[in-house]
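Let me begin by presenting the structure, written as structure tokens, before commenting on it.
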Amino acid sequence: MRLSRGALAAAAVGLVLLAFALAPSLFSPHPPYRADPDALLAPPGGGHPFGTDQLGRDVLARVIHGAGTSLAMGFGATALALAAGLVLGLAAALGGAPVREALMRAMDVLLSCPGLLLALVAVALIGPGTTGATLAVAVAATPEYARLVCAQVRTVRTSGYVEAGTALGQSRPALVLRHVLPNALGPVLVLATLGVGTAILYGAALSFLGLGPNPPAAEWGAQLSDGRDFLESAWWVAFFPGLAITLTVVVVNVVGRDLRRRYLR
Amino acid sequence: MTLLDVAGLTVDFGTGEAAVRGVSFHLDPGECLAIVGESGSGKSVTARALLGLSGGEVAADRLHLDGRDLRTLNERAWRDVRGRRIGFVLQDALQALDPLRRIGREVAEPLLVHRTVPRGEVAGRVRRLLADVGIPDPERRAREHPHQLSGGLRQRALIASALACGPELIIADEPTTALDVTVQAQVLDLLAGLRAAGTAVVLISHDLAVVARLADRIAVMRDGTIVEQGPAERILTDPGDPYTKALLAAVPEGTAPPATPGPPVLQARSITKRFGDRTALGDVSFDLHAGETLGLVGESGSGKTTLARIALGLLPADSGEVTLTGEPWSALPERLRRPHRHRIQPVPQDPAGAFDPRHTVARILTEALAVAGTPRADRRDRAADLLRQVGLGPEHLGRRPRQLSGGQRQRVAIARALASDPAVLVCDEPTSALDVSVQAEILALLGRLQAEHGLAMLFITHDLAVVRQVAHRVMVLKDGDVVESGPAAEVLASPEHPYTRTLLAAAPRLPVR
Numbered sequence: 018m019r020l021s022r023g024a025l026a027a028a029a030v031g032l033v034l035l036a037f038a039l040a041p042s043l044f045s046p047h048p049p050y051r052a053d054p055d056a057l058l059a060p061p062g063g064g065h066p067f068g069t070d071q072l073g074r075d076v077l078a079r080v081i082h083g084a085g086t087s088l089a090m091g092f093g094a095t096a097l098a099l100a101a102g103l104v105l106g107l108a109a110a111l112g113g114a115p116v117r118e119a120l121m122r123a124m125d126v127l128l129s130c131p132g133l134l135l136a137l138v139a140v141a142l143i144g145p146g147t148t149g150a151t152l153a154v155a156v157a158a159t160p161e162y163a164r165l166v167c168a169q170v171r172t173v174r175t176s177g178y179v180e181a182g183t184a185l186g187q188s189r190p191a192l193v194l195r196h197v198l199p200n201a202l203g204p205v206l207v208l209a210t211l212g213v214g215t216a217i218l219y220g221a222a223l224s225f226l227g228l229g230p231n232p233p234a235a236e237w238g239a240q241l242s243d244g245r246d247f248l249e250s251a252w253w254v255a256f257f258p259g260l261a262i263t264l265t266v267v268v269v270n271v272v273g274r275d276l277r278r279r280y281l282r
Numbered sequence: 025m026t027l028l029d030v031a032g033l034t035v036d037f038g039t040g041e042a043a044v045r046g047v048s049f050h051l052d053p054g055e056c057l058a059i060v061g062e063s064g065s066g067k068s069v070t071a072r073a074l075l076g077l078s079g080g081e082v083a084a085d086r087l088h089l090d091g092r093d094l095r096t097l098n099e100r101a102w103r104d105v106r107g108r109r110i111g112f113v114l115q116d117a118l119q120a121l122d123p124l125r126r127i128g129r130e131v132a133e134p135l136l137v138h139r140t141v142p143r144g145e146v147a148g149r150v151r152r153l154l155a156d157v158g159i160p161d162p163e164r165r166a167r168e169h170p171h172q173l174s175g176g177l178r179q180r181a182l183i184a185s186a187l188a189c190g191p192e193l194i195i196a197d198e199p200t201t202a203l204d205v206t207v208q209a210q211v212l213d214l215l216a217g218l219r220a221a222g223t224a225v226v227l228i229s230h231d232l233a234v235v236a237r238l239a240d241r242i243a244v245m246r247d248g249t250i251v252e253q254g255p256a257e258r259i260l261t262d263p264g265d266p267y268t269k270a271l272l273a274a275v276p277e278g279t280a281p282p283a284t285p286g287p288p289v290l291q292a293r294s295i296t297k298r299f300g301d302r303t304a305l306g307d308v309s310f311d312l313h314a315g316e317t318l319g320l321v322g323e324s325g326s327g328k329t330t331l332a333r334i335a336l337g338l339l340p341a342d343s344g345e346v347t348l349t350g351e352p353w354s355a356l357p358e359r360l361r362r363p364h365r366h367r368i369q370p371v372p373q374d375p376a377g378a379f380d381p382r383h384t385v386a387r388i389l390t391e392a393l394a395v396a397g398t399p400r401a402d403r404r405d406r407a408a409d410l411l412r413q414v415g416l417g418p419e420h421l422g423r424r425p426r427q428l429s430g431g432q433r434q435r436v437a438i439a440r441a442l443a444s445d446p447a448v449l450v451c452d453e454p455t456s457a458l459d460v461s462v463q464a465e466i467l468a469l470l471g472r473l474q475a476e477h478g479l480a481m482l483f484i485t486h487d488l489a490v491v492r493q494v495a496h497r498v499m500v501l502k503d504g505d506v507v508e509s510g511p512a513a514e515v516l517a518s519p520e521h522p523y524t525r526t527l528l529a530a531a532p533r534l535p536v537r
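Chains F and L, in that order, are what the protein sequence lines are. Convert by adding 17 to the 1-based position in the first sequence; the result is the number in my numbering. Convert by adding 24 to the 1-based position in the second sequence; the result is the number in my numbering.
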């Protein structure tokens, strides 16, 4: 099947963002930390296409350099949540009724809290910083994956082919690895592509609240927070990092939607 | 005068050849025309075209209902015809009834849509309709939801809603396929009663024996065209077209060739199983000998599949014991049972669900061979050899399950079961999802493999004609109890238990040729 036009455009934007994240210096017009005391809060134009912030740092440079941290937090948190969800979901689905009840009721309790609140509690326990915020976002996202993995595994486990494998005399680990997991994973991976967008937003939100990467590190959420005080006088400080966050989430969602159409018919 | 007059009906979905081509038939009031064919023959598309629901490009030389030209109808006019002039009964009542709606509301729907009776009289009419189709206690049933009704009652409710506005034509698309034989007989009797009262019936079915009971005339469809059409008696006893002959020949008939049973390989002693407070099996015992087929007969919920799963060691029994070739089997812990699992293999009802959809036939078979301990280097050749045994060529090795037809899938499932050189095959309704001609092939294949390998077979089916053809001995289950067992010829010829007699009386049979 060919990609839709929207998905192609999204994939192109995604590639650009990825390039920014991997090699920011190649694209950045200025170093991200160099302050220009003569150009505080300079409007977009001239040598600073996106303007400068309150310390005279180039906003474009900081958006480009922030891509790495922001994307790493989003994708890292999703990967961690996916891994934890897989382990918990598998344990719940295969461990018998008592294990399942205990794990799933615990997940229910976590799911009953808003995700951001959960992330805030987690970051309070783990401590702020890039790693802390990533872990916190992962904790907030884990229950969803655990639930879906558990439900999927339980469905696939009663399928005809798993029964046929059992009747052939295949061992349980072989059945789980060869048949149950691969067939249960499709919808989980699609959820993960959608989850990346949420994770990036949560990461940015934690940074915005000052619980993410420490200053002066470039990160979109922190930049947004910096620009908050100048929204009326210098909109560009907050606008461009905000645009970057929005674009990323849209890109990830469009690609995720395409994947979902393809694999979850 | 002719009620329905169809000439040169063509339905095209724009996917190469038209799905229905040049179909012509006519129908008088009080007459039943059966359209018979296998999957993909175009019979259901034809039925839907009569309701303006085919979804394709419909063309016809004539398409008249009671003198009115249906070709010129717009969507609004069609809605007026549907339900009011033509009633439509679908196959699966559980899917055709809205699960959130009470039965009474469902049956009232066409009355409210077409406003054929004043609002105040709708409730009374619904009760009378439900009573007319033989639903006991219609007052109570009208207030219930579809899941609270048995399959037979649901199908009757569906027929009641098709009848609500008193249509002069009923189109029934496989109305009894999902039902047990005794319930099927009741529904067919109900349709016969309608026909006698002057309603015309178009009956769509894959089963010649079912239509034999009801049809005045039969049209046999294949690949979108009618290959033969005529009075039911002539079509069934003296068919002209080779395809009709092949269809009739494929209807299971005759008895199993005599077997020389070897030593017992699978023995069950006093098996019981309860699910909650429902008894699925109450004290079932049997012996299955090498080279012999034991037919397990019963209606849905009789405990057939539960017994099969216990025999396969997939479900623990509450009490009793199963032994395999004289050794403990059901009593073993899974760890000790696993090395012996290859001795007893299942053949599934739905082969489509029995394969990992991501795997190719080659991988499906080599995996089974690997578990059975075949050396890696030999597996590919053995897989091709297994396919040859079930009548498939090596070109199928690279295919995935969804690229195979239903019959080919079942052959692959049998090949997989044979990979581990089992002593026992447990076949759970292995042909009930297949067309009758494919069913005949699969039954012949199983018979040949049994003779070649001396296989013992536990053969589960609801179809008495199938069991008559394959089984040497028969065991009849009802509500978890064995009501009768013995040599197949004896049990099926002179049943002793009333339930067996009911089953036999309800089973559709072709007229003797």
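Cβ atoms here follow ideal geometry from the backbone N, Cα and C, with glycine treated the same way. Keep in mind the model is a prediction, meaning the values are calculated, not measured.
* Can you name the residues of chain F whose CB is closer than 7 Å to the CB of His366(L)? -> Per Cβ cutoff of 7 Å: Leu185, Gly186.
* To do: With 9 Å as the C-beta to C-beta threshold (strictly closer), list the residues of the stretch 326-347 of chain L near chain F in chain order.
  => Arg333, Leu336, Gly337, Leu338
* Compile a chain-ordered list of the residues in the stretch 170-201 of chain F whose CB is closer than 9 Å to at least one CB of chain L. => Answer in chain order: Ser176, Gly177, Tyr178, Val179, Glu180, Ala181, Gly182, Thr183, Ala184, Leu185, Gly186, Gln187, Ser188, Arg189, Ala191, Arg195, His196, Pro199, Asn200.
* Beta-carbon contacts of Ala378(L) that lie in its chain and below 7 Å, excluding the five residues immediately before and after -> Pro372, Ala437
* Asked: Helix, strand or coil: which one does DSSP assign to Ile466(L)?
  -> Assignment of Ile466(L) by DSSP, reduced to helix, strand and coil, places it in the helix class.
* DSSP state of Val173(F) mapped onto helix, strand, coil -> helix
* Under three-state DSSP, which class holds Met25(L)? -> Coil, per DSSP.
* To do: List the DSSP bridge partners of Gly111(L).
  => Ile194(L)
* To do: Check the Cβ-Cβ distances between Gly431(L) and every residue of chain F, and say whether any is below 8 Å.
  => no
* Nearest-angstrom Cα separation, counted from Asp374(L) out to Pro191(L) -> 37 Å
* **Partner residues on chain F for Pro288(L), Cβ-Cβ distance less than 9 Å** => Neighbours of Pro288(L) on chain F: none; closest Cβ ~21 Å, over 9 Å.
* **Spatially closest choice to Arg400(L) from Ala408(L), Thr390(L), Gln115(L), by CA coordinates** => Thr390(L)
* To the nearest angstrom, report how far apart Val271(F) and Gly23(F) are at their CA atoms. => 7 Å
* Asked: Mind checking if Val448(L) is an interface residue toward chain A, Cβ cutoff 8 Å exclusive?
  -> Of the protein chains in this structure, namely F and L, none is chain A.
* Which partner residues of Met245(L) appear in the DSSP bridge assignment? -> Ile250(L)
* Going by C-alpha distance, which of Arg109(L), Arg103(L), Ser63(L), Val44(L) is nearest Leu3(L)? -> Nothing in the structure corresponds to residue 3(L), since chain L is present only between 25 and 537.
* Give me the Cα-Cα distance between Tyr267(L) and Val251(L), rounded to the nearest whole angstrom. => Rounded to whole angstroms, Tyr267(L) to Val251(L) spans 8 Å at the Cα level.
* **Bridge partners - Ala31(L), DSSP secondary structure assignment** => Arg86(L)
* **Residues sharing a beta bridge with Cys451(L), DSSP** => Val371(L), Phe483(L)
* **8 Å Cβ cutoff, Pro399(L) in contact with chain F** => Nearest CB-CB separation between Pro399(L) and chain F: not below the 8 Å threshold.
* Under 8 Å between C-beta atoms, does Arg406(L) make it to chain F? -> No, its Cβ sits nowhere closer than 8 Å to a Cβ of chain F.
* Asked: Where are the alpha helix (DSSP H) runs, 4 residues long or more, that stay fully inside the stretch 137-182 of chain F, in chain order?
  -> Every alpha helix (DSSP H) of 4 residues or more that sits fully in the stretch 137-182 of chain F is shown, in chain order, as 147-174.
* To the nearest angstrom, how far is it from the Cα of Gln240(F) to the Cα of Asp116(L)? -> Computed Cα separation, rounded: 60 Å.
* Spatial distance of Ala31(L) from Pro123(L) (CA atoms) -> 38 Å
* Can you list, in chain order, the residues of its chain whose CB lies under 7 Å from that of Arg472(L), leaving out five sequence neighbours each side? -> none
* If you drop the 5 nearest sequence neighbours on each side, which residues of the same chain put their C-beta closer than 6 Å to that of Val268(F)? -> So the qualifying residues of the chain are Ala27, Val30, Gly31.
* Asked: Using 8 Å as the limit for Cβ to Cβ distance, is Ser444(L) near chain F?
  -> yes
* **N- and C-terminal bounds of the alpha helix (DSSP H) containing Asp213(L)** => 205-220
* Cβ shell of Arg282(F) (< 7 Å), same chain only, five flanking positions each side left out -> In this prediction, Arg282(F) scores a pLDDT of 47, lower than 50, which makes its location untrustworthy; the coordinate-derived value is nonetheless stated afterwards. Hits under 7 Å: none found.
* To do: Give me the Cα-Cα distance between His521(L) and Lys328(L), rounded to the nearest whole angstrom.
  => 18 Å
* Check whether the Cβ atoms of Val170(F) and Ala201(F) sit closer than 8 Å, and answer yes or no. => yes
* Sequence ranges, alpha helix (DSSP H) only - wholly within the stretch 202-256 of chain F, length at least 4 -> 237-244
* Asked: Short check: CB of Gly111(L) to CB of Ala186(L), under 8 Å?
  -> yes
* Asked: Can you tell which of Ala464(L), Met25(L), Val44(L) has the C-alpha that lies nearest to the C-alpha of Leu33(L)?
  -> Val44(L)
* Would you list, in chain order, the members of the stretch 126-159 of chain L that have their beta-carbon closer than 9 Å to a beta-carbon of chain F? => none
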